[in-house]
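Since the structure comes first, as structure tokens, the remarks are kept for the end.
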Amino acid sequence: MIFTTYTYALFLASVFVVHWLAPARTRSWVLILASYGFYATWDWRYLALLLGVSLFNWTYARFVLARSDDAPVWPGIAVNLSALGYFKYTNFFVQTAGSLVHAAGGSWHPRIFDITLPLGVSFFTFQGVAYLIDVASGEAPFQSLRNFMLYKAFWPQLIAGPIIRPAEIREQIEGTRSLCYEDVSEGTRRILRGAFKKIVLADSLAPQVDLAFLANGTPHALDTIAGTIGFGLQIYFDFSAYSDFAIGSARLFGFRFPENFDWPYQARSPQDFWNRWHMTLSRWIRDYVFTPLSFATRAHPQWRPFWLIVAMGLCGLWHGAQWTFVLWGVWHGIFLAAQQTALKPLFSSTTRVAVVAGWLITMVVVFAGWLLFRAPSLAVATGHLKALFTLAGGRRPALVRENSVLIIAGIAILSVGAALTHSRIAALFKPVLESARTRTWLRPAFYACMLAAVIVLDQEAKAFVYFQF
Amino acid sequence: MTAKPDNSDKLAHRGAIVFLGVFTLLNVLAFFAQRHMQAVDKAGRALYARFDDPRETPRRDTSTAEHLEQYWRFIPDARTQRLAIVVGMSQMYWINDRASVDRTISEWIDDAYQSKGVRAFGLAAPNLDNEEALFYLLATTVAPETHPYAMVYGVCFDKFRNTDIRPTLQSFLLRRPDLLRDWKRIAERYSGRYPQAAEKMLGTLRDIEAARNKVAEQSLESRLRDRLAAALPIVAARRDLNGKLLQILFDLRNFVFNIKASTKRPIIGARYDLNRQFLEMLADEARARNVKLLPYIIPLNTLAETPYVTSEYEGFKAWYAEFTKARGLRFVNFENLVPAAEWGLSSGEPDFKHFSGAGHKRTAAAVGEAFAADLLEGMQGAAP
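Sequence order for the protein chains is A and B.
Counting in the numbering used here, the first sequence runs from 1 upward without gaps.
Counting in the numbering used here, the second sequence runs from 1001 upward without gaps.
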């Protein structure tokens, strides 16, 4: 069940009514049942996996707490990661081993296993790991299994985040939630914004981007540029739309999820970008990968940049079992490390020139990274980079049509313009934007137009890009 | 203290009323916009179709692959007479400045050969690519009543830019398990000789399979859409409005980039190669199925500037000559066949690919003459 379908709208409305009509003590069960039902619409066979992982983490956290003699947390982490490793990385490691043997002159052709990746496994694994580490570090655990099951399975965040830490939601789950106008109003507005971003913006860009990265396509510099910019915009609108749906849906039931995006293309440095892009994942990588590694070698601060690269490489691998993703992570890691070393004077300067230069460099780094991220293989990525540096092709793009260029350019100009000016515009027009007239006339009219645009441009529900991770 | 919530409640209620009011207004606008678009569309169709005699049995798929199933039963019975299917892109069916006496290429061929014991049936579709041409060969040859003796195919260079089987033909495939099996068998058979084309065919099968699963999954979704469409005009009109928006974007693109029908469009390497493989596979498979493949390079308006890059088009013709020679096919090039007076206008410029009724008649006569020996081979009293 994809968020942008009428089926989801019906599902959401039904659960909303049942949840708020149900007695307060049974509301969490309503949400748990709805969440498992939601997951079953993808593939019911993996319900057992979700349930098993939930039961294991709850039990293991209690075991860690019950033992006063520093019970090890790593077996629990290993169990979580083994599920992820099996489903997501088995073929990757087997194929890599096969390539290594081949490179060494051997002739081993490993069998590719037919393993289907359960939806959301990357997200609920990270959530499980975070829970065990937090509990082991002294955070209060969930006392009731029911509440923990809701934390693990609550459908708005189940498939693609935000990756919520127990401390952020425990009180909301354990407390009594009540229906209020502000939650419903903000929740529906957020869902509508998500639908607009996904259907009107991301899905309009998707076919144009697919053309540029066509399998067996002949790379052409202009195609590569248009396709890469288009993909950078597509993935932002797609994923932030998913987060809007998640945050908005949760809000309808009285939950406040952490934000996942904060105008990332406004970032003035690589680090600033990661503070604005997929914020809950960046935080996870920082707290559970980078910080422990840095802490372990705290006597050798010169290792910090290296751990940054390692952490980002793992972040890339988390996105997909492919070397292009690893390279994408390492690429970002290198610039994050550079920001703390060689490029520190530039990124820490506050002069206007340095700020503009910092933004430009960050955008080049980010969008070049998107090329690696989107290319289906290293060979294709190399082909595109070669075309880019040799300016292959003529003055007109070969694959990406001019209408696509118009769509990409139009959305790019609007997005960059909005990213760079939104705070100034908000400050300038604050009295107008917050006036009663705007709230009662302009804003509802604007949302009605947005809804009409969503309906007209909705051709067929397309899965979110991040569902594959 | 109590005034504030009251005021905000009032604001919220007013906001909801404005939202519903604007949304209702947009629905009313969508309703009238759709009605207008449908009226214009209907008038256009009526204008073009006024020359078709509804009493006459169709001699071609006039739906141009949109409703192939409906026209399939009109294919003359190949068990009782020789059948030639005439396959190609829009040149095969579109008639500029159509008059009541005008017929399409396939109909003229049928007129000329019916008395000689050969029936022709037109299977054309806009922007038909070579995978789709192969589809027509396989679809007709699975049953003896539609198994053609010959397949006349108008080969068009710029259609080597296109790939994929259109959804309406995919649906046709989906409904015929024997054809699906045949499709898979052919893909596997040619995986060594034409790897990209064979992989593409298997990809088409995967698409069809995915579409089949989707249909099952989406039954609730489509029911919900239908229900909403019945209640909200904007949902009902969304396809028409979407099409209109795309048309506006298309016009805007042409304006911004100064694109005309004659603007050069380079070939797309990978798609060009794929279509070449499909044409080769078509030739091999036609031979294997005992169908005479009669291909020709389609006529072009020599007075109009084409969007072809000259060197690429010359390269294509050289390859095509080699291809026909290697497979023992007749090399027929009608590039300069139709004189300037027999073409029409497209967007104010001379149409480089679609001609008037006279052009259809001339092309059909040329096809009939060029392939007479093949069409009438072995027939008693036949004079090639």
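By construction, the Cβ of each residue, glycine as well, lies at the ideal position given by its N, Cα and C atoms.
For a contact meaning CB atoms closer than 9 Å, what does Gln459 (chain A) contact in chain B? Locating residue 459 (chain A) in the first sequence gives position 459, counting from the first residue. Those are Arg1238, Arg1239 and Asn1242, listed as they occur along chain B.
Measuring alpha carbon to alpha carbon, tell me which of B:Arg1253, B:His1013, B:Ala1150 and B:Asp1178 ends up nearest Val1118 (chain B). The count along the second sequence starts at 1 and reaches residue 1118 (chain B) at position 118. Val1118 (chain B) has its Cα closest to that of B:Ala1150, out of B:Arg1253, B:His1013, B:Ala1150 and B:Asp1178.
Buried/exposed call for Val1086 (chain B), threshold 16 Cβ in 10 Å: The sequence position of residue 1086 (chain B) within the second sequence is 86, counting from 1. Label assigned to Val1086 (chain B): buried.
Alpha-carbon spacing of Val1291 (chain B) relative to Thr1146 (chain B), whole angstroms: Within the second sequence, numbered from 1, the residue matching residue 1291 (chain B) stands at position 291. Within the second sequence, numbered from 1, the residue matching residue 1146 (chain B) stands at position 146. Separation of Val1291 (chain B) and Thr1146 (chain B) (C-alpha to C-alpha, rounded to the nearest whole angstrom) is 12 Å.
Kindly indicate which three-state DSSP category Ala1124 (chain B) falls into: helix, strand or coil? Along the second sequence, read from residue 1 onward, the residue named residue 1124 (chain B) stands at position 124. Note: Ala1124 (chain B) maps to strand in three-state DSSP.
Classify Thr324 (chain A): buried if its beta carbon has 16 or more other beta carbons within 10 angstroms, exposed otherwise. Walking along the first sequence from the start, residue 324 (chain A) turns up at place 324. Buried, because 16 or more other Cβ atoms sit within 10 Å of the Cβ of Thr324 (chain A).
Assign Ala1383 (chain B) to one of three DSSP states: helix, strand, or coil. Sequence index remark: in the second sequence, residue 1383 (chain B) carries index 383 (1-based). Residue placement at Ala1383 (chain B) is flagged as unreliable, the pLDDT there being 48, under the threshold of 50; a coordinate-derived value is accordingly withheld.
Flag this pair as yes or no: are the beta carbons of Ser1346 (chain B) and Pro1307 (chain B) separated by less than 7 Å? Start at 1 with the first residue of the second sequence, and residue 1346 (chain B) comes out as number 346. Start at 1 with the first residue of the second sequence, and residue 1307 (chain B) comes out as number 307. No; because the gap between Cβ atoms is not below 7 Å, this pair is not in contact.
Alpha carbon to alpha carbon, how far is Phe367 (chain A) from Ser1311 (chain B)? Give it in angstroms, no decimals. The residue you call residue 1311 (chain B) lines up with position 311 of the second sequence. The residue you call residue 367 (chain A) lines up with position 367 of the first sequence. So the two alpha carbons sit approximately 36 Å from each other.
Starting from the beta carbon of Val1018 (chain B), find every residue of chain A whose beta carbon is closer than 7 Å, and list them in chain order. For this step, residue 1018 (chain B) is matched to residue 18 along the second sequence. From the beta-carbon of Val1018 (chain B), the residues of chain A found nearer than 7 Å are Thr440, Trp441, Pro444 and Ala445.
Run the CB neighbour count on Glu1285 (chain B), radius 10 Å, all protein chains shown included, and call it buried at 16 or more, exposed below. Residue mapping note: residue 1285 (chain B) aligns to position 285 of the second sequence, counting from 1. Label assigned to Glu1285 (chain B): buried.
Per-residue DSSP class, three states only, for Glu1349 (chain B): Numbered from its first residue, the second sequence carries residue 1349 (chain B) at position 349. DSSP places Glu1349 (chain B) in strand when its eight states are reduced to three.
Three-state secondary structure (DSSP) of Trp1072 (chain B): Numbered from 1 along the second sequence, position 72 holds the residue referred to as residue 1072 (chain B). Trp1072 (chain B): helix per DSSP, three-state reduction.
DSSP puts Phe1355 (chain B) in a beta bridge; with which residues? Start at 1 with the first residue of the second sequence, and residue 1355 (chain B) comes out as number 355. Under DSSP, Phe1355 (chain B) forms a beta bridge with B:Trp1343.
Under a three-way DSSP split, which group does Leu1232 (chain B) fall into? For this step, residue 1232 (chain B) is matched to residue 232 along the second sequence. If DSSP states are grouped into helix, strand and coil, Leu1232 (chain B) belongs with coil.
Using 8 Å as the Cβ pair cut-off and three pairs as the minimum, do the segment 1127-1146 of chain B and the segment 1108-1115 of chain B touch? For the pair of segments examined, the segment 1127-1146 of chain B was found not to touch the segment 1108-1115 of chain B: the number of CB pairs separated by less than 8 Å stays below three.
Which residues in chain B sit within 9 Å of Leu10 (chain A), going by Cβ to Cβ distance? To locate residue 10 (chain A), count along the first sequence from 1; it is residue 10. Per Cβ cutoff of 9 Å: Leu1220 and Leu1224.
Looking at the structure shown, is Pro479 (chain A) part of a helix, part of a strand, or coil, going by DSSP? Nothing can be reported for residue 479 (chain A), as the shown portion of chain A is limited to 1 through 469.
Using a Cβ distance threshold of 8 Å, determine whether the segment 75-87 of chain A contacts the segment 103-110 of chain A, with at least three qualifying pairs required. Cβ pair count under 8 Å is below three, so no.
Note the first and the last residue of the continuous beta strand (DSSP E) segment covering Tyr1153 (chain B). As a first step, residue 1153 (chain B) is located in the second sequence; it is residue number 153 there, counting from the start. Unbroken beta strand (DSSP E) run through Tyr1153 (chain B): Ala1150 to Val1155.
How big is the Cα-Cα spacing for Leu346 (chain A) and Thr41 (chain A)? Walking along the first sequence from the start, residue 346 (chain A) turns up at place 346. Walking along the first sequence from the start, residue 41 (chain A) turns up at place 41. Rounded to whole angstroms, the separation of the alpha carbons of Thr41 (chain A) and Leu346 (chain A) is 50 Å.
Suppose only complete runs of 4+ residues qualify. What are the alpha helix (DSSP H) ranges in the segment 406-463 of chain A, listed by chain order? Runs of the alpha helix (DSSP H) inside the segment 406-463 of chain A: 430-433 and 443-457.
I'd like to know if Tyr6 (chain A) contacts chain B, where contact means its C-beta is closer than 7 Å to some C-beta of that chain. The sequence position of residue 6 (chain A) within the first sequence is 6, counting from 1. Output row for Tyr6 (chain A): interface = yes.
Between the C-alpha atoms of Tyr8 (chain A) and Gly1122 (chain B), what's the straight-line distance to the nearest angstrom? The residue labelled residue 8 (chain A) in the question sits at position 8 within the first sequence. The residue labelled residue 1122 (chain B) in the question sits at position 122 within the second sequence. Going by the C-alpha atoms only, they are around 45 Å apart.
Whole-angstrom distance between Ile191 (chain A) and Gly1243 (chain B), CA atom to CA atom: By 1-based counting over the second sequence, the position of residue 1243 (chain B) is 243. By 1-based counting over the first sequence, the position of residue 191 (chain A) is 191. Linking Gly1243 (chain B) to Ile191 (chain A) through their CA atoms gives a straight-line distance of about 26 Å.
Does the beta-carbon of Phe124 (chain A) have 16 or more other beta-carbons within 10 angstroms, so that it is buried, or is it exposed? Walking along the first sequence from the start, residue 124 (chain A) turns up at place 124. Counting of Cβ neighbours within 10 angstroms places Phe124 (chain A) among the buried residues, the total reaching 16 or more.
Just how far apart, CA to CA, sit Asn1254 (chain B) and Val456 (chain A)? Reading the second sequence from its first residue, position 254 is the one you call residue 1254 (chain B). Reading the first sequence from its first residue, position 456 is the one you call residue 456 (chain A). When rounded, the distance between both Cα atoms is 23 Å.
Taking only three categories from DSSP, how would you classify Pro207 (chain A)? To locate residue 207 (chain A), count along the first sequence from 1; it is residue 207. Of the three classes helix, strand and coil, the one that applies to Pro207 (chain A) here is helix, per DSSP.
Below 8 Å, how does it come out for the segment 90-105 of chain A and the segment 129-136 of chain A: are there three or more Cβ pairs, yes or no? Fewer than three beta-carbon pairs drawn from the segment 90-105 of chain A and the segment 129-136 of chain A are found closer than 8 Å, and the two stretches are therefore not classed as touching.
By the three-class DSSP mapping on this structure, what secondary structure does Asp70 (chain A) have? For the purposes of this step, residue 70 (chain A) is taken as the residue at position 70 of the first sequence. The answer is coil: DSSP assigns Asp70 (chain A) none of H, G, I, E or B.
With DSSP as the reference, please indicate the residues paired to Pro1295 (chain B) in a beta bridge. Looking up residue 1295 (chain B) in the second sequence gives position 295. B:Tyr1153.
Secondary structure of Asn1162 (chain B), DSSP reduced to three states: Indexing the second sequence from 1 puts residue 1162 (chain B) at position 162. Residue state, collapsed to three classes: coil.
Please classify Val1086 (chain B): does DSSP put it in a helix, a strand, or coil? If you number the second sequence from 1, residue 1086 (chain B) lands on position 86. In this structure, DSSP gives Val1086 (chain B) an extended state, which the three-state scheme calls strand.
Looking at Ala1084 (chain B) and Val1152 (chain B), is the spacing between their C-beta atoms short of 7 Å? As a first step, residue 1152 (chain B) is located in the second sequence; it is residue number 152 there, counting from the start. As a first step, residue 1084 (chain B) is located in the second sequence; it is residue number 84 there, counting from the start. Taking 7 Å as the Cβ cut-off, Val1152 (chain B) and Ala1084 (chain B) qualify as a contacting pair.
Indicate whether at least one CB of chain B lies closer than 7 Å to the CB of Ala426 (chain A). Along the first sequence, read from residue 1 onward, the residue named residue 426 (chain A) stands at position 426. For Ala426 (chain A), no Cβ of chain B is located within less than 7 Å of the residue's own Cβ.
Report the three-state DSSP secondary structure of Met1001 (chain B) (helix, strand or coil). Working through the second sequence from its first residue, we reach residue 1001 (chain B) at position 1. Confidence at Met1001 (chain B) is low in this model, with a pLDDT of 37, below 50, so its placement is unreliable and the value that follows should be read with caution. Three-state DSSP puts Met1001 (chain B) in coil, outside helix and strand.
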